[in-house]
Every structure is written in structure tokens, then in C-alpha cells.
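Numbering (the numbering used here), first residue to last: 1160 to 1462.
Put into C-alpha cells, the structure is as follows:
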């Protein structure tokens, strides 16, 4: 998988920089700096370094000279994260996980303790809501499409461990009769009318609170994916398996910021959100994600 200039231009427009145009790798209407003296003459205050790998030779010296003149130097990856809430996988090096990512994943024991406490508390509350919703959801599903009420699938958890999730059934029976794993898409014809309501309100996820209490999942984390899809995306998207460094979640940074994905390109964008969460996860970020998810449920704007 490889990003194009058009995708970069689209991202600039999405975050409000619509006056900039991308052509040949350079940004039109901006200054191209040729030397430290040129930068000093133009009173440049910020320098973004968009070079993969080591900065060597004259380029490295120019960056040092700029820093000595008081110019704020930022790597493109860092600026991209700050502007988009995503980690740019197309600008990462092959040893990125080892050099940068793994250290970030080793979060404090206090955070892990808080996260487990939030999972248990949230899981208990969720199961209480599930108990209240179950009779109505079960009746609606049976009246429209018969039994079974639930469906179960194999998913991959932290470290690639295999577990089963359970959800209210939202698709017609035998929706994947050919046995081929397919991504859910917007306005999916396989989804029933009751299933569409359950998905928009995220009530279909309620049975997964058992997995949260059992420790296979967390309230917040990357979406749990099927082994077949993980294997396929791992072949096409760099760093895809890094999602498995943490527990999957009922909701997550990618889920609240990006909707359905229909192809590999969109899956890569969603991965960037997942990697950003894993790199920057914190108590405050988890609370923010949970609150935004509650808002989605109340507005019935879920996927």
C-alpha cells in the first residue's frame, strides 16, 4: 500500500488548509528554502523535516544551523500526528515499532490498573443495560428474521490470541454463505432493518461486555478483527499487526473518528488512528473516547 499526493492534498483540505495545493511533492504558495542563509533572510520560524530515515551530510548540517538560529525544527511525522490524530504509516521506518512504539506501549502500572477498573465497572453497567434491552431486541430480531438471536465469530486479541465474540445478530441468516470474510459497509444489504437500528445505537455490541469482563477485550482499543482479515491486511498494509500490541476494544479512537471502511486504502487510514491511540493512550484519552461514544449512541449515529 502507498499513499498518493492526492490523498495528502485531501488530508490538508480536511484539516482546514484548503488554500494549499500539492504538486510534485512541493507545496505551492509556500517558500522553498535553499540554504540556512535564505531561511534566515526570510525570518523562517518553523522547519518541518519530511525525510525518512537518517538525516545526513549537508542536509543534517543545515538542520543544525537552523536550530542554532532559533528555528523550531519538527519532524513531519510529529506534525502529522498533531494535525490529524493519526500516525503516518507511509513515513515510518521498518524498525519503528522497536525504536519508538514498544517503549510507548509500556505504560505505567497505574494506567493499566485504572483501565482494568474501568473495564470491570463499565462491563457490569453494560451487562445491566444488556439485561434490560435483551427481551425487546430478541423479540424484534425473531419477528423479522427468526433465530438465532446472537451470532458468534472468532477474533484476534492482544498478542494474536484467539477468542470468540458474541453480538446481537444484525444480518440476514446465511449472509456469508460462501464462507468468505467480508468487511461491513455503509448501507450493507445484508443488514436487516432491526439490525440497522441496533448498529446505529451500538446495542448490537452489548453482549461483548462479557468479553470485557473476561479480560479478552477492553472498553477502549482497536476493533477486534477476524483472523482472515488480519492476515489479508497484514500482507498489504505495513505495521497492521501492531494493532495487536493492546487489547481490542468495544470502542476506540479509530471508531469515533472514521466510519466504515470499504477497501485497503481506507483500512490503512483507520490503522493510522489505531496506532495513534496505542502510542498516546492515557486515562484522559480513554475517558474522552468513552464520552464521545456515549454521544454517538444517544444521537444514533453509530456505524
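Note that CB positions come from ideal geometry on N, CA and C, so glycine has one too.
- Please report the residue range of the beta strand (DSSP E) in which residue 1408 lies. By one-based count along the chain shown, residue 1408 stands at place 249. Residue 1408 -> beta strand (DSSP E) spans 1408-1410.
- Message: With three or more beta-carbon pairs closer than 8 Å as the criterion, would you say the stretch 1401-1411 touches the stretch 1360-1376?
- Response: As far as the Cβ criterion goes, the stretch 1401-1411 touches the stretch 1360-1376, which means the pair count is three or higher.
- Report yes if the CB atom of residue 1390 is closer than 9 Å to the CB atom of residue 1248, and no otherwise. Against the chain shown, residue 1390 aligns to sequence position 231. Against the chain shown, residue 1248 aligns to sequence position 89. In this structure, residue 1248 does not lie closer than 9 Å to residue 1390 by Cβ.
- Item | In DSSP terms, what residue 1207 is bridged to | Residue mapping note: residue 1207 aligns to position 48 of the chain shown, counting from 1. Beta-bridge pairing links residue 1207 to 1233.
- Cut-off 6 Å between Cβ atoms - residues of its own chain near residue 1239, not counting five sequence neighbours on either side: Working through the chain shown from its first residue, we reach residue 1239 at position 80. Result list for residue 1239: 1247, in chain order.
- Message: Using only CA atoms, which one of 1371, 1329, 1421 and 1429 lies nearest to residue 1360?
- Response: As a working note, residue 1360 is residue 201 in the chain shown. Ranking the options by Cα distance to residue 1360, first place goes to 1329.
- Message: Which residue marks the beginning of the alpha helix (DSSP H) containing residue 1452, and which one marks its end?
- Response: Mapped onto the chain shown, residue 1452 falls at position 293. Taken as a continuous stretch (DSSP letters only), the alpha helix (DSSP H) holding residue 1452 covers 1442-1458.
- For residue 1312, the residue or residues it bridges with in DSSP: As a working mapping, residue 1312 is identified with position 153 in the chain shown. Paired residue(s): 1324.
- Report the partner residues of residue 1330 according to the DSSP bridge assignment. Mapped onto the chain shown, residue 1330 falls at position 171. Looking at the DSSP output, residue 1330 shares a beta bridge with 1350.
- Message: Using 8 Å for Cβ pairs, my map puts residue 1371 next to residue 1448. What's the rounded Cβ distance?
- Response: If you number the chain shown from 1, residue 1371 lands on position 212. If you number the chain shown from 1, residue 1448 lands on position 289. Actually they are not in contact, since the Cβ atoms of residue 1371 and residue 1448 sit about 14 Å apart, beyond 8 Å.
- Query: What's the C-alpha gap between residue 1425 and residue 1399?
  - Reply: Stepping through the chain shown from its first residue, residue 1425 is reached at position 266. Stepping through the chain shown from its first residue, residue 1399 is reached at position 240. Within the model, the alpha-carbon separation for residue 1425 versus residue 1399 is close to 13 Å.
- Measure the C-alpha to C-alpha separation of residue 1435 and residue 1327 and round it to an integer number of angstroms. Position 276 of the chain shown, counted from the start, is the residue given in the question as residue 1435. Position 168 of the chain shown, counted from the start, is the residue given in the question as residue 1327. If I take the Cα positions, the gap works out to 30 Å.
- Item | Residues of its chain near residue 1349, where Cβ-Cβ distance is below 7 Å and the 5 sequence neighbours each way are ignored | Sequence index remark: in the chain shown, residue 1349 carries index 190 (1-based). Cβ neighbours of residue 1349 within its own chain (closer than 7 Å, five residues either side excluded): 1330, 1331 and 1334.
- Task: State the start and end residues of the unbroken alpha helix (DSSP H) segment that holds residue 1434.
- Result: Mapped onto the chain shown, residue 1434 falls at position 275. Segment 1423-1439, the alpha helix (DSSP H) holding residue 1434.
- Along the chain, where does the beta strand (DSSP E) that runs through residue 1378 open and close? Here residue 1378 refers to the residue found at position 219 when the chain shown is read from its first residue. Where residue 1378 is concerned, the enclosing beta strand (DSSP E) stretches over 1377-1379.
- Query: When the Cα atoms are used, what is the spatial distance from residue 1272 to residue 1445?
  - Reply: Indexing the chain shown from 1 puts residue 1272 at position 113. Indexing the chain shown from 1 puts residue 1445 at position 286. Between residue 1272 and residue 1445, the C-alpha separation is close to 13 Å.
- Query: Rounded to the nearest angstrom, how far is the Cβ of residue 1208 from that of residue 1234, given a contact under 8 Å?
  - Reply: As a working note, residue 1208 is residue 49 in the chain shown. As a working note, residue 1234 is residue 75 in the chain shown. Right, their Cβ atoms sit about 5 Å apart.
- By a C-beta neighbour count over all protein chains shown, 10 Å radius and 16 as the cutoff for buried, is residue 1453 buried or exposed? Locating residue 1453 in the chain shown gives position 294, where the first residue counts as 1. With fewer than 16 other Cβ atoms within 10 Å, it is exposed.
- Message: Let's see if you can read the secondary structure: which residues bound the alpha helix (DSSP H) around residue 1276?
- Response: Translated into the one-based positions of the chain shown, residue 1276 becomes position 117. Counting along the chain, residue 1276 sits inside the alpha helix (DSSP H) bounded by residues 1268-1304.
- Task: Using three-state DSSP, classify residue 1251 as helix, strand or coil.
- Result: Along the chain shown, one-based indexing puts residue 1251 at 92. Residue 1251: coil per DSSP, three-state reduction.
- Message: Spatial neighbours of residue 1313 within its chain, please: C-beta separation below 7 Å, excluding the five flanking residues on both sides.
- Response: Residue 1313 sits at position 154 when you count from the first residue of the chain shown. Closer than 7 Å at the Cβ level, and outside the excluded window around residue 1313, lie 1321, 1323, 1385 and 1386.
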